[in-house]
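Number of protein chains: 2
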Amino acid sequence: MVESVHRVAACAGDVHGKLTYSAGDIDTTVYLRSAAKPFIAAAVVASGAAARFGFDARELATIAASHNGEPAHVDVVRGILAKIGLDAGALQCGVHAPSYEPAAAALTAAGERPSALHHNCSGKHAGILAACVHLGFDPATYLALDHPVQQRILELCARALGTTAEALPVGVDGCGIPVFAAPLRAAALAYARFATLEGLSDADAAALETVRRAMVEEPFFVAGTGRFDTALIETTGGRIVCKAGAEGVHGDALRREGLGLVVKVIDGGAGRAIPPATMALLEGLGALESSESVALEAFAAPPLRNAAGRVVGVLETRLPARA
Amino acid sequence: MVESVHRVAACAGDVHGKLTYSAGDIDTTVYLRSAAKPFIAAAVVASGAAARFGFDARELATIAASHNGEPAHVDVVRGILAKIGLDAGALQCGVHAPSYEPAAAALTAAGERPSALHHNCSGKHAGILAACVHLGFDPATYLALDHPVQQRILELCARALGTTAEALPVGVDGCGIPVFAAPLRAAALAYARFATLEGLSDADAAALETVRRAMVEEPFFVAGTGRFDTALIETTGGRIVCKAGAEGVHGDALRREGLGLVVKVIDGGAGRAIPPATMALLEGLGALESSESVALEAFAAPPLRNAAGRVVGVLETRLPARA
Chain D
1 MVESVHRVAA
11 CAGDVHGKLT
21 YSAGDIDTTV
31 YLRSAAKPFI
41 AAAVVASGAA
51 ARFGFDAREL
61 ATIAASHNGE
71 PAHVDVVRGI
81 LAKIGLDAGA
91 LQCGVHAPSY
101 EPAAAALTAA
111 GERPSALHHN
121 CSGKHAGILA
131 ACVHLGFDPA
141 TYLALDHPVQ
151 QRILELCARA
161 LGTTAEALPV
171 GVDGCGIPVF
181 AAPLRAAALA
191 YARFATLEGL
201 SDADAAALET
211 VRRAMVEEPF
221 FVAGTGRFDT
231 ALIETTGGRI
241 VCKAGAEGVH
251 GDALRREGLG
261 LVVKVIDGGA
271 GRAIPPATMA
281 LLEGLGALES
291 SESVALEAFA
301 APPLRNAAGR
311 VVGVLETRLP
321 ARA
Chain R
1001 MVESVHRVAA
1011 CAGDVHGKLT
1021 YSAGDIDTTV
1031 YLRSAAKPFI
1041 AAAVVASGAA
1051 ARFGFDAREL
1061 ATIAASHNGE
1071 PAHVDVVRGI
1081 LAKIGLDAGA
1091 LQCGVHAPSY
1101 EPAAAALTAA
1111 GERPSALHHN
1121 CSGKHAGILA
1131 ACVHLGFDPA
1141 TYLALDHPVQ
1151 QRILELCARA
1161 LGTTAEALPV
1171 GVDGCGIPVF
1181 AAPLRAAALA
1191 YARFATLEGL
1201 SDADAAALET
1211 VRRAMVEEPF
1221 FVAGTGRFDT
1231 ALIETTGGRI
1241 VCKAGAEGVH
1251 GDALRREGLG
1261 LVVKVIDGGA
1271 GRAIPPATMA
1281 LLEGLGALES
1291 SESVALEAFA
1301 APPLRNAAGR
1311 VVGVLETRLP
1321 ARA
């Protein structure tokens, strides 16, 4: 028996805006949330901060991450802050317990409290602070929409989306940063550009390539233990580079196909609906080898377990017809 | 900007099956989950166990509860088990941390681990065990569908729904108990009967009245601090008696109007969509006084806050036209 139903809008297209797949409303603007992080990280790279402070692949992947707050993630963020002469007190993302439950439990068992370093966005905040320090901008007000670092970020994101910063509707994200909205159609274009590095200025392409290489080299630092994004990048050997966002957003750069795929779970049920929906779409697009589908099976049809560990149901995806 | 959309099916009707309101598909079966608990608690009362062990209003409300796992809830469940000569080891609901975060934090701070007593369904399990002990049924196998206590529960629920136990599709709930499905139309009938005590055998009506009185007298024990069900029963002085279920189900007995209202959030987004949707429906039905609407305002349009505590959005409900 079907108990609950998540509706999904999705769109796959190339750098010319040609759509390979479309389902649902792809022309209404949607907040891209953390699916914008690879482009935000690229703005940090484009600022010159990554070269100046010698950020390695782990640090760049963590700047683009929604991480689990595992000890290795926290260490990397602490390291970024040390390199730029700041500490956790400079992070204005707020505090939440590590997303990875065993990491949260270990913290509690050690009698420690979560800090801003454990926030899933702490790497992004540290990266933006690095750009501020490098460019001589005020690090105390880095979350303000009119701060020059946020304007640089929005401008790079807008170029990737094929629009202008002024045209982007902006709200406030869960971590306090300005968050912009774009139609799924434009987001798919941006992810196609991320996949191919085509249709971009040389500087933007180089910055996005640096971020992409880091995410491919260090997928654990993009998310963490048990997470879909880490598993998908790792299993495909970086042929697919992806990033989840809150409220059910997912962006996928399909490098072999030269496509960007973007998914939005309409009701925002991110936690459970993104992996099965994305897996079904990737399979529908022929973007996964059969061995990869097998390796990622647990994400395609996740069993639902109750508190006693008994399997009581399963999540399944039904794809509508292709566009 | 609208970021995410939850769809809701809902139905309000009287004991004759006459509908006052209907939206979405109300004829497909839906697992009622914990919205069935008042009827399950009534089966415990009807068994004679409540009279035999002298369960008071707090105990009966807790048997019908999805409680927060606050210390007072845990004490009541422990007390029920003591009265029937069992302990927490007899509970087969599994273990989860208290739903109320401060209670979970206090437990951790005291160096204690959550037990089955903290499971939101522990009261129901204790009540079912009470019926087993009273009737001489095996308490070790009380979760099996063919156990006589489960058959008695299903039979009472089926009578309230206007059907038979054999006709109810049955699955396994989050706490291991058999969970049945019914169309929203039938669930609204059952809640109308709970509201009016009409259309029932004398024995079923008496048992449901005992449960209803307990929920009205002790609404804290139906849910707990900050919870919508506790607030709605309390604020209306028990004129509305309600019970939430997992995956977005909510049942409301509107005693003044003689109506049952049942809500299902289609995507299962229970945590956030039930209170605003139910509030909009209750207001649409004229079931709330304006002072009550004011008192419950925080549930009607809950602000969404980020990790830093800043309000970044709000949940709002749009009612479709009445049936």
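Residue numbers (this note's numbering), protein chains in the order written: chain D, 1 to 323; chain R, 1001 to 1323. Glycine included, C-beta positions come from ideal geometry on N, C-alpha and C.
Within-9 angstroms CB hit, residue i to chain D
| i | result |
| --- | --- |
| residue 1306 of chain R | yes |
| residue 1181 of chain R | yes |
| residue 1172 of chain R | yes |
| residue 1276 of chain R | no |
| residue 1163 of chain R | no |
| residue 1318 of chain R | no |
| residue 1273 of chain R | yes |
| residue 1247 of chain R | yes |
| residue 1078 of chain R | no |
| residue 1309 of chain R | yes |
For residue i, the first and last residue of its enclosing alpha helix (DSSP H)
| i | result |
| --- | --- |
| residue 229 of chain D | 228–235 |
| residue 185 of chain D | 184–196 |
| residue 260 of chain D | First-last for residue 260 of chain D: 259–265, but that is the beta strand (DSSP E), not the alpha helix (DSSP H). |
| residue 272 of chain D | 270–284 |
| residue 1201 of chain R | Here residue 1201 of chain R belongs to no alpha helix (DSSP H), and DSSP marks it neither H nor E. |
| residue 62 of chain D | 57–63 |
| residue 77 of chain D | 71–83 |
Cutoff 9 angstroms: residue i Cβ touching any chain R Cβ
| i | result |
| --- | --- |
| residue 334 of chain D | Past the edges of chain D, shown from 1 to 323, lies residue 334 of chain D, and the structure says nothing about it. |
| residue 98 of chain D | no |
| residue 93 of chain D | yes |
| residue 4 of chain D | yes |
| residue 40 of chain D | no |
| residue 141 of chain D | no |
| residue 176 of chain D | yes |
| residue 303 of chain D | no |
| residue 263 of chain D | no |
| residue 266 of chain D | yes |
| residue 313 of chain D | yes |
| residue 169 of chain D | yes |
| residue 53 of chain D | no |
| residue 342 of chain D | Since the first and last residues shown for chain D are 1 and 323, residue 342 of chain D lies out of range. |
| residue 73 of chain D | no |
Enclosing beta strand (DSSP E) for residue i [first to last residue]
| i | result |
| --- | --- |
| residue 251 of chain D | 249–254 |
| residue 1244 of chain R | 1240–1245 |
| residue 1312 of chain R | 1311–1314 |
| residue 1097 of chain R | Taken as a continuous stretch (DSSP letters only), residue 1097 of chain R belongs to no beta strand (DSSP E), as it is neither H nor E. |
| residue 13 of chain D | 8–13 |
| residue 23 of chain D | 19–23 |
8 angstroms Cβ shell around residue i - same chain, five flanking residues per side excluded
| i | result |
| --- | --- |
| residue 293 of chain D | 279, 283 and 300 |
| residue 182 of chain D | 29, 30, 32, 161, 163, 168 and 190 |
| residue 1201 of chain R | 1159 |
| residue 1314 of chain R | 1301, 1302, 1303 and 1304 |
| residue 1076 of chain R | 1058, 1059, 1062, 1123 and 1221 |
Close beta carbons around residue i, own chain, < 6 angstroms, minus the five adjacent residues each side
| i | result |
| --- | --- |
| residue 311 of chain D | 303 and 305 |
| residue 205 of chain D | 197 |
| residue 3 of chain D | none |
| residue 148 of chain D | 137 |
Whole-Å CB distance - residue i paired with residue j, under 8 angstroms assumed
| i | j | result |
| --- | --- | --- |
| residue 127 of chain D | residue 80 of chain D | 7 angstroms |
| residue 63 of chain D | residue 41 of chain D | 4 angstroms |
| residue 1091 of chain R | residue 1125 of chain R | 5 angstroms |
| residue 216 of chain D | residue 238 of chain D | 3 angstroms |
| residue 1054 of chain R | residue 1134 of chain R | Not a contact, Cβ separation roughly 12 angstroms. |
| residue 143 of chain D | residue 86 of chain D | Rounded, the Cβ-Cβ distance is 15 angstroms, inconsistent with contact. |
| residue 251 of chain D | residue 109 of chain D | At roughly 36 angstroms, the Cβ-Cβ gap does not stay under 8 angstroms, so residue 251 of chain D and residue 109 of chain D are not in contact. |
Cut-off 7 angstroms between Cβ atoms - residues of its own chain near residue i, not counting five sequence neighbours on either side
| i | result |
| --- | --- |
| residue 295 of chain D | 235 |
| residue 1308 of chain R | none |
| residue 1165 of chain R | 1151, 1154, 1155 and 1158 |
| residue 1211 of chain R | 1038, 1041, 1042, 1045, 1060 and 1064 |
| residue 1186 of chain R | 1161, 1162 and 1163 |
| residue 1229 of chain R | 1222, 1223, 1242, 1243 and 1244 |
| residue 1188 of chain R | 1011, 1012, 1013, 1260, 1261 and 1262 |
| residue 199 of chain D | 15 and 193 |
Do three or more CB pairs link the region 1268–1278 of chain R to the region 1207–1225 of chain R at distances below 8 angstroms?
No, they do not touch.
Can at least three beta-carbon pairs, one atom from the region 7–26 of chain D and one from the region 280–291 of chain D, be found at a separation below 8 angstroms?
The answer is yes - the region 280–291 of chain D touches the region 7–26 of chain D, with three or more Cβ pairs under 8 angstroms.
Looking at C-beta atoms only, is the number of pairs between the region 245–258 of chain D and the region 182–192 of chain D that lie closer than 8 angstroms three or more?
Put simply, the region 245–258 of chain D touches the region 182–192 of chain D. At least three CB pairs are less than 8 angstroms apart.
Mind the definition here: the region 1232–1246 of chain R touches the region 1092–1105 of chain R only if three or more C-beta pairs lie below 8 angstroms; say whether that holds.
The region 1232–1246 of chain R vs the region 1092–1105 of chain R: no contact.
Would you check if there are 3 or more beta carbon pairs closer than 8 angstroms linking the region 1166–1180 of chain R to the region 1054–1074 of chain R?
No contact exists between the region 1166–1180 of chain R and the region 1054–1074 of chain R.
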